[in-house]
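**Student:** The listed protein sequences correspond, in order, to chains B and E.
Under numbering that gives the first Met the number 0, the first residue of the first sequence is numbered 0, with each subsequent residue one higher.
Under numbering that gives the first Met the number 0, the first residue of the second sequence is numbered 0, with each subsequent residue one higher.
Glycine included, C-beta positions come from ideal geometry on N, C-alpha and C.
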Amino acid sequence: MTKILLTIRTLNELIKNWSKENKVIAPLKKYETIEHKKYYFDEVKNPEDIEWNYITTIRPPKEYVYPHQQTLLKYKENQIQLTFDNSPQILIGLHPCDIHSINLLEVSFKGEGNIDRNYFEKRNATTIIGMDCKTKCDKSFCVSMGTYKISEGYDAYIRFIENDILLIEIKTEKGEKLFKNAQSELINNKIISKEQKVIEERNKLFTESEFTLTKNEIPTLLEKSYNSLLWKDIGQKCLSCGSCNIVCPTCFCFDVRDENDLTITSGERKRYWDACQLKDFTRVAGNEVFRKTREGRNRHRIFRKFKYLFDRYDNFYCIGCGRCNRACLAEINIVNIINDLYKEYKETKTIKPVPFVVKGESIYEPKLAKIVKMEQFTEKEKWFEFVFEDGSDLGHMPGQFVSVSVFGVGEAPISITSSPTKKGSFELCLRKIGNVTEKLHQLKVGDKVGIRGPFGRGFPYNKMYHKDILFVCGGLGLIPARSLINYILDNRNQFGKMIILYGCKTPEEILYRNEIKMWESRDDVEFHITVDKADENWKGNKGVITTLFSKIKINPLNTVAVIVGPPIMYKFVMMELFAKNILHDNIYMSLERRMKCGVGKCGHCQINGVYVCQEGPVFSYSEIKNLEEAI
Amino acid sequence: MSKVRVAFFDFACCEGCQLNVLNCEDKLLDILNNIEIVNFREAMSEASDNYDIAFIEGSITRECDIPRLKKIRENAKILITLGSCSSIGGVNAIKNNFDLEDVRNEVYGNQKDYFETTLARPIDAVVKVDYKIYGCPIHREEFVRIITSLLAGQQPYIPNHPVCVECKLKDNFCVFDKGMTCLGPLTRAGCGARCPSEGNYCVGCRGMVDEPEVNAHFDILKKYNLSIDDIKNKFEIYYSYYRKKFENIYNAR
């Protein structure tokens, strides 16, 4: 590696000489209107036109190593003539990111052994002279991608020491050939230290990472984000115009078409840049399209750049130049996509447990409560009202649960059905289904049970203020949901619209009949009920709970959904909620699991890494969507 | 091998597309090596009903055009539309936005009873069309390319992506960033982004791509604070025939 020192005038003379045998391409400037100047790469007619201070171009210099239209071969009937373009050319003034992109094209055109000669003939006939950026471009992310500097891929590299004096680093034989007749000025220590200073000044422009994570974390992030709802949002904005692909320095997909000349029997087989954001990109002869949605195509672009090709070639196929971000009318922006995915991922990962701290001697110590009222709701469900012996309140949130002990039989987790607004006592409603509940059903008013709790996280009603609330309750799910319903009814003006969907197997299983009548009669509650099966006496809706969704209208951005029901219900209800575009953060569900201790010790209730008794039983969908065992 | 027999016909149009065919001067003789033109009112006086390929310019605006068009369809093995009027209804369909009686009055005045008029339609609203050559007027190179494809027995390549692709290839500054509304993101490419490259906006002369993202386009207008009426008016120039198809989206905005 040698360095030479030239004045701009000498360089311009050299360029003039090079133009005799080479096509010389450099950044030029054009005014489209008085305010709108643009920079673009084109053949240089006069070296003085070169824009050494250019910011960035709309399209990268890719065109000159991999043209948007390139002949692969010529044919005349069945005679084939391979065609290569190896006319010498010099690309001047490429910024480091663009040189990185050409290095990447080389990796992919070399592939895994299938060498693309059409690319390499042209590439090998090309000499590249790089230079530093003078400013950082808008919407670029070269700091995170580490592409604002470069150490290989160029033949010579220009650094402006002063306005018209430049130090040129000659890297390769090709570079040497260009500059062999150039008379270098004397390079003294002053120049060397000045170069150091110029590099430092440049580095100062590129200090702030654009991504909130390092680029090496991106492939793993994407792996976990394939099903993120974000893709849908992006898809809805996308125009499918292909601009992002066309301006991308690393996109290299192409289409191949035969172009006949007017003899009809001869012509050229050409390749044309193609764009994966266009719907026809995956269309086959039978008219089938394999990547139909804008959502899927946008995801593919990001995955290809940051994961698929990374897995294949060990390189990110993005140089952070930001051209796609600037070209996108819909403002789809890679930096935002990656950061939003990461934010979503972090939120999913970190569930803040609400540690339950038992007052008293031991976390296993129940507190005695007395039954003051009971009501048989259905054949199997019974409702109880309890008061603590010391008259204290339970102090719970809607959605929390308690462990109920019948000494000698055991302990069972039961969700609380009364609202925290009810003071002095609390209510449970339980189905006769196991050892403990069987025994509880036999108790009488005045009998005592042990209560531990409340446990776990309930419905965060403080996040629901002024929002519309949609309840979706299946079967026994109404029991915990009623706690929140009553809380909202007691603080009605702090919440928006309230819609309750309730589904049961048969009319006989309907709970809280009196309260339902009251809800139905209120103007500020929209209540719909359906049963799976019923005889002719039933005059209401028939069918599973998802059939009720056609009856309701919601504002997706301002609606919180609360889902409680049997495990089978969740998947189908979620599909309805997705169809209505409710935000993942605004979907809350209560999950049932086997629970013994209620305090994150016994291990029974664990869903992947999460303790349902401690971090749940209420979760937002964005908290559990990546937990395979959850729903 | 006998030459392919080709005929040109026109309905309501300016004949500019046929003129553009004749303007392929440097290629015309080569083309004529492969085809025989048997019917071309604009260029010759002989006329024959024996042809393989029929090119049609113009849209259908009178009931009396229909039997003639059906006859052409019967005679032709391949029927190809030339230009916007025949492919998408084009400017003729602007009249569909008005009361037809008013239109007749305005154009023909007290002679109106001598002239019939009906809703303007593209050719494929009446008979089956095999290929469409879009544009107002058609692009000469595209015409030559399509005709050579057909002669070689190849499916002609007709783009189904927005003008943006070609506009970016031209290194153009985005029209929206220059403060104008542009139909490019919805309009079928193939023109080489001619208008935006000359400092204008895309007027949508090729009609929309098969599945235009109309909603996303309206969002762009909002972002740039541009008038939605402006875009509706722009669409009406070439795309009035399809107005109904987009009315719901228009009205929702």
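Quick check: what's the CA-CA separation for K243(E) versus P136(E)?
**Tutor:** Roughly 25 Å between the two C-alpha positions.
**Student:** Does the beta carbon of K260(E) sit closer than 7 Å to a beta carbon anywhere in chain B?
**Tutor:** Residue 260(E) is absent from the structure shown; chain E starts at 0 and stops at 252.
**Student:** Hey, does Y39(B) have any beta-carbon neighbour from chain E nearer than 7 Å?
**Tutor:** yes
**Student:** F425(B): which of G390(B), E200(B), G409(B) and E410(B) sits nearest, CA to CA?
**Tutor:** G390(B)
**Student:** By the DSSP assignment, the beta strand (DSSP E) with R451(B) in it spans what residues?
**Tutor:** Counted as a single uninterrupted DSSP element, the beta strand (DSSP E) harbouring R451(B) occupies residues K447 to F454.
**Student:** Taking 7 Å as the CB-CB limit, is K177(E) close to chain B?
**Tutor:** yes
**Student:** Quick check: is the beta carbon of C163(E) nearer than 7 Å to any beta carbon in chain B?
**Tutor:** yes
**Student:** To the nearest angstrom, how far is it from the Cα of G92(B) to the Cα of T146(B)?
**Tutor:** 16 Å
**Student:** Could you tell me the boundaries of the alpha helix (DSSP H) in which Q88(B) lies?
**Tutor:** That residue, Q88(B), is in no alpha helix (DSSP H); its beta strand (DSSP E) goes Q88 to L93.
**Student:** For the candidate residues K438(B), G495(B), D313(B) and E258(B), whose alpha-carbon lies nearest to that of E111(B)?
**Tutor:** D313(B)
**Student:** Looking at the unbroken beta strand (DSSP E) that takes in L590(B), where does it start and where does it end?
**Tutor:** No beta strand (DSSP E) holds L590(B); DSSP gives it neither H nor E.
**Student:** Please state the DSSP three-state secondary structure of E627(B).
**Tutor:** coil
**Student:** With contact counted as at least three CB pairs below 8 Å, one residue from each stretch, are the stretch 177-196 of chain B and the stretch 273-293 of chain B in contact?
**Tutor:** no
**Student:** Would a check of beta-carbon distances place L328(B) closer than 7 Å to chain E?
**Tutor:** yes
**Student:** Near A215(E), which residues of its chain fall below 6 Å by C-beta distance, leaving aside the five closest residues on each side in sequence?
**Tutor:** none
**Student:** Quick one: list the residues of chain B neighbouring E210(E), beta-carbon separation under 9 Å, in chain order.
**Tutor:** S239 and K278
**Student:** What's the C-alpha gap between T6(B) and S107(B)?
**Tutor:** Each residue's Cα considered, the two are about 38 Å apart.
**Student:** To the nearest angstrom, report how far apart K268(E) and I623(B) are at their CA atoms.
**Tutor:** Limits of chain E in this structure are 0 at one end and 252 at the other, which puts residue 268(E) out of reach.
**Student:** In terms of residue numbering, what span does the beta strand (DSSP E) encompassing V3(E) cover?
**Tutor:** V3 to D9
**Student:** Give the secondary structure of F234(E) by DSSP, where H, G and I count as helix, E and B as strand, and everything else as coil.
**Tutor:** helix
**Student:** E105(B) by DSSP, collapsed to three states: which one?
**Tutor:** helix
**Student:** Could you spell out where the beta strand (DSSP E) holding A560(B) opens and where it closes?
**Tutor:** Judged by DSSP secondary structure, A560(B) falls within the beta strand (DSSP E) whose first and last residues are T558 to V563.
**Student:** Hey, does K550(B) have any beta-carbon neighbour from chain E nearer than 7 Å?
**Tutor:** It does not: the Cβ of K550(B) has no partner Cβ on chain E nearer than 7 Å.
**Student:** Going by CA-CA distance only, name the one from D41(B), N226(B) and N77(B) that's closest to L626(B).
**Tutor:** N226(B)
**Student:** How big is the Cα-Cα spacing for T545(B) and T147(E)?
**Tutor:** 57 Å
**Student:** Under a three-way DSSP split, which group does H35(B) fall into?
**Tutor:** coil
**Student:** Between D254(B) and the rest of its own chain, which residues show a CB-CB distance below 6 Å, the 5 nearest in sequence each way excluded?
**Tutor:** Y271 and D273
**Student:** Please classify A629(B) as buried or exposed, where buried requires at least 16 neighbouring CB atoms within 10 angstroms.
**Tutor:** buried
**Student:** Which runs of the beta strand (DSSP E) fall wholly inside the stretch 408-439 of chain B and span at least 3 residues, in chain order?
**Tutor:** 409-414 and 425-430
**Student:** Determine, using beta carbons only, whether Y133(E) comes closer than 7 Å to chain B.
**Tutor:** no
**Student:** If I'm right that F54(E) touches F7(E) with Cβ under 8 Å, what's the distance once you round it to whole angstroms?
**Tutor:** 5 Å
**Student:** Taking Q613(B) as part of the alpha helix (DSSP H), name the residues at either end of that continuous run.
**Tutor:** V611 to E614
**Student:** Once you ignore the five residues that flank I191(B) on each side, which residues in its own chain have a CB closer than 8 Å to its CB?
**Tutor:** none
**Student:** Taking the Cβ atom as the reference point for each residue, do I167(B) and I14(B) lie within a distance shorter than 7 Å?
**Tutor:** no
**Student:** Look at T56(B) and Y30(B) and say whether their C-beta atoms are less than 7 Å apart.
**Tutor:** Between T56(B) and Y30(B), the gap from beta carbon to beta carbon reaches 7 Å or more.
**Student:** So the candidates are P95(B), I33(B) and I245(B); which of them puts its Cα closest to the Cα of K148(B)?
**Tutor:** Minimum Cα distance to K148(B) is reached at P95(B).
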